[in-house]
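Below is one structure, written out as structure tokens; comments come after it.
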Amino acid sequence: MQLPSLEALRGLCEAAGRDILAVRKVGSDVQYKTDESPVTEADYAAQRRLEEGLPQLIDLPMLAEEQTLPRWQARSQWQCYWLVDPLDGTRDYVDGFNDFTVNVALVRDGNVLLGMVHAPANGLTWAGGSGLGAWRWREDFREPLRVRVGNPLRIVASRAHIDDATQRLVATFPEARLKRYGSSVKFCRIAEGSADIYPRVGPTCEWDTAAGQGVLEGAGGAVLSLETGLPLRYNTRESLVNGPFVACSDVALVAHLLA
Numbered sequence: 002m003q004l005p006s007l008e009a010l011r012g013l014c015e016a017a018g019r020d021i022l023a024v025r026k027v028g029s030d031v032q033y034k035t036d037e038s039p040v041t042e043a044d045y046a047a048q049r050r051l052e053e054g055l056p057q058l059i060d061l062p063m064l065a066e067e068q069t070l071p072r073w074q075a076r077s078q079w080q081c082y083w084l085v086d087p088l089d090g091t092r093d094y095v096d097g098f099n100d101f102t103v104n105v106a107l108v109r110d111g112n113v114l115l116g117m118v119h120a121p122a123n124g125l126t127w128a129g130g131s132g133l134g135a136w137r138w139r140e141d142f143r144e145p146l147r148v149r150v151g152n153p154l155r156i157v158a159s160r161a162h163i164d165d166a167t168q169r170l171v172a173t174f175p176e177a178r179l180k181r182y183g184s185s186v187k188f189c190r191i192a193e194g195s196a197d198i199y200p201r202v203g204p205t206c207e208w209d210t211a212a213g214q215g216v217l218e219g220a221g222g223a224v225l226s227l228e229t230g231l232p233l234r235y236n237t238r239e240s241l242v243n244g245p246f247v248a249c250s251d252v253a254l255v256a257h258l259l260a
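Taking the working numbering, the leading residue of the sequence shown gets 2, the next gets one more, and so forth.
Put into structure tokens, the structure is as follows:
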């Protein structure tokens with residue numbers, strides 16, 4: 002299938018980012034969903050923008066965090082669809098940090114064709130896909146990305162969601178340096194060569210990982226299930242919760258976790 006224009010998709014993601022920043026400027030109440038995760042008017046504003054704009058790029062079904070989710074019987078028939086988190090890192094957004102993102106992925110047959118991650122507060126956008134390459138924009142300046150293994154190794158982990166099991170994985174890299182980020186920025190840091198490994202044992206949903214996986218795979222990295230050793234796949238079962246995984250610049254770095 003023909004992919005959307007990167008510039009058109011970037012423009013849409015940046016428009017959603019401006020909607021988020023506009024809500025942040027005036028402030029909004031925080032509500033909590035049944036799983037106790039926060040949601041704000043900024044989430045809904047970005048969701049509306051993407052619901053309106055994505056069909057104009059490619060008219061496909063859309064699966065997004067802040068919507069009534071389609072039943073499995075319906076979405077199991079989808080071959081291609083948009084997988085979206087309009088505001089990834091809402092907790093970081095609420096707490097005043099700047100590494101929250103707009104995540105958009107184009108998925109076909111369970112695999113990410115193209116992912117785009119936009120960090121509106123930092124003015125950065127990343128995009129990529131396996132076999133396509135990967136890029137980062139700062140305003141209108143675009144540069145290609147390629148993973149790069151550091152010495153010492155550099156591990157990134159969630160600021161808000163690091164658990165004991167993840168800390169045990171981090172401890173298997175005793176010489177590594179650890180940095181904490183929110184949202185899909187962690188995948189993008191590996192893609193741009195400023196980090197090497199992102200282990201995650203705690204629960205994530207498919208819209209949390211797909212866009213970042215596209216960026217990282219395009220830059221030569223991988224996002225692998227710790228249960229199967231294979232790349233994460235999407236919309237293959239009723240549950241939308243990922244199992245534990247590791248994202249990396251080089252599979253050899255994490256081979257001991259996949260045994």
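Idealized CB from N, CA, C, for every residue including glycine.
Rounded Cβ spacing between residue i and residue j (contact assumed at less than 8 Å)
{"i": "residue 249", "j": "residue 223", "result": "6 Å"}
{"i": "residue 177", "j": "residue 156", "result": "5 Å"}
{"i": "residue 234", "j": "residue 129", "result": "Actually they are not in contact, since the Cβ atoms of residue 234 and residue 129 sit about 17 Å apart, beyond 8 Å."}
{"i": "residue 247", "j": "residue 225", "result": "6 Å"}
{"i": "residue 64", "j": "residue 84", "result": "5 Å"}
{"i": "residue 161", "j": "residue 202", "result": "Not a contact, Cβ separation roughly 14 Å."}
{"i": "residue 86", "j": "residue 182", "result": "Actually they are not in contact, since the Cβ atoms of residue 86 and residue 182 sit about 15 Å apart, beyond 8 Å."}
{"i": "residue 108", "j": "residue 81", "result": "7 Å"}
{"i": "residue 191", "j": "residue 154", "result": "Residue 191 to residue 154, Cβ: 11 Å. No contact."}
{"i": "residue 138", "j": "residue 145", "result": "No, residue 138 and residue 145 are not in contact; Cβ-Cβ is about 11 Å, not under 8 Å."}
{"i": "residue 243", "j": "residue 206", "result": "7 Å"}
{"i": "residue 3", "j": "residue 116", "result": "Actually they are not in contact, since the Cβ atoms of residue 3 and residue 116 sit about 17 Å apart, beyond 8 Å."}
{"i": "residue 245", "j": "residue 227", "result": "4 Å"}
Residue i - DSSP class collapsed to helix/strand/coil
{"i": "residue 1", "result": "Shown here, the chain extends from 2 to 260; a query on residue 1 therefore has no answer."}
{"i": "residue 31", "result": "coil"}
{"i": "residue 235", "result": "coil"}
{"i": "residue 10", "result": "helix"}
{"i": "residue 44", "result": "helix"}
{"i": "residue 88", "result": "strand"}
{"i": "residue 65", "result": "strand"}
For residue i, the first and last residue of its enclosing alpha helix (DSSP H)
{"i": "residue 163", "result": "Neither: residue 163 is in no alpha helix (DSSP H) and is coded neither H nor E."}
{"i": "residue 94", "result": "91 to 95"}
{"i": "residue 75", "result": "73 to 76"}
{"i": "residue 256", "result": "256 to 259"}
Inter-residue spacing [alpha-carbon to alpha-carbon] between residue i and residue j
{"i": "residue 90", "j": "residue 208", "result": "12 Å"}
{"i": "residue 13", "j": "residue 159", "result": "27 Å"}
{"i": "residue 92", "j": "residue 42", "result": "13 Å"}
{"i": "residue 186", "j": "residue 102", "result": "7 Å"}
{"i": "residue 60", "j": "residue 11", "result": "17 Å"}
{"i": "residue 238", "j": "residue 75", "result": "12 Å"}
{"i": "residue 98", "j": "residue 257", "result": "34 Å"}
{"i": "residue 175", "j": "residue 49", "result": "44 Å"}
{"i": "residue 70", "j": "residue 184", "result": "21 Å"}
{"i": "residue 124", "j": "residue 131", "result": "24 Å"}
{"i": "residue 221", "j": "residue 149", "result": "9 Å"}
{"i": "residue 134", "j": "residue 188", "result": "15 Å"}
{"i": "residue 200", "j": "residue 28", "result": "33 Å"}
{"i": "residue 18", "j": "residue 62", "result": "22 Å"}
{"i": "residue 39", "j": "residue 20", "result": "18 Å"}
{"i": "residue 179", "j": "residue 45", "result": "33 Å"}
{"i": "residue 151", "j": "residue 106", "result": "28 Å"}
Residue range of the unbroken beta strand (DSSP E) whose run includes residue i
{"i": "residue 262", "result": "Because residue 262 is not part of the residues shown, which for the chain are 2 to 260, the question remains open."}
{"i": "residue 247", "result": "246 to 249"}
3-residue-minimum beta strand (DSSP E) runs that sit fully inside the segment 141 to 215, ordered along the chain: Positions of the beta strand (DSSP E) runs, each at least 3 residues long and wholly inside the segment 141 to 215, are given as 142 to 145, 155 to 159, 178 to 182, 198 to 201 in order along the chain.
Any beta strand (DSSP E) of 3 or more consecutive residues that is wholly inside the segment 101 to 134: Listed in chain order, the beta strand (DSSP E) elements of length 3 or more contained wholly in the segment 101 to 134 are 102 to 109, 112 to 120, 125 to 130.
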